[in-house]
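Written below as structure tokens is the structure these notes are about.
Residue numbers (my numbering): 93 to 213.
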């Protein structure tokens, strides 16, 4: 639901890009690493608490972000979270060095448009 909301907001944005939404780590993994109809991604936004992909031992969005960063270092990554403490944020920054970090409570149409446009440019 959150991803579709972001997609809807960005469809009215200055960004002229195709946006794909998935609701689990398994679907995201398959889209990024296995779907041959998609040739590249400029930016990936991941929720920390997406449903896991057990077969690949990916428990959350951070695990998936680590694999993306390792295999596609030029892809920009935005992490979405419902709430993290400073220690959690420090670990995430050390592990994957995201291009953006957004608290869900801070999301609104203006913030989404601004943040995504700044990171894509």
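C-beta: ideal position from N, C-alpha, C; glycine also. Owing to the predicted nature of the structure, the values given are computational and were not obtained by experimental measurement.
If you count every other CB in all the chains shown that lies within 10 Å of the CB of residue i, and 16 or more means buried, which is it?
i           : result
residue 121 : buried
residue 234 : Absent from the structure is residue 234, since the part of the chain shown begins at 93 and ends at 213.
Run through DSSP, which three-state label would residue i get?
i           : result
residue 146 : helix
residue 199 : coil
residue 151 : coil
residue 175 : coil
residue 169 : strand
What's the gap between the Cα of residue i and the Cα of residue j?
i           : j           : result
residue 132 : residue 159 : 15 Å
residue 137 : residue 164 : 14 Å
residue 123 : residue 112 : 9 Å
residue 194 : residue 172 : 5 Å
residue 110 : residue 212 : 13 Å
residue 128 : residue 200 : 33 Å
residue 188 : residue 161 : 6 Å
### Message
Taking contact to mean 3 or more Cβ pairs, one atom from each stretch, closer than 8 Å, check whether the region 107-118 and the region 134-152 are in contact.
### Response
Segments in contact, yes.
### Message
Assess contact between the region 99-109 and the region 146-163, defined as three or more Cβ pairs (one per stretch) separated by less than 8 Å. Is contact present?
### Response
no
### Query
Is the region 177-185 touching the region 198-211 in the sense that three or more CB pairs, one from each, lie closer than 8 Å?
no
#### Entry: Complete beta strand (DSSP E) runs within the region 98-139 (minimum length 3 residues, chain order)
Assignment of beta strand (DSSP E) within the region 98-139, counting only whole runs of 3 or more residues, yields 135-139 in chain order.
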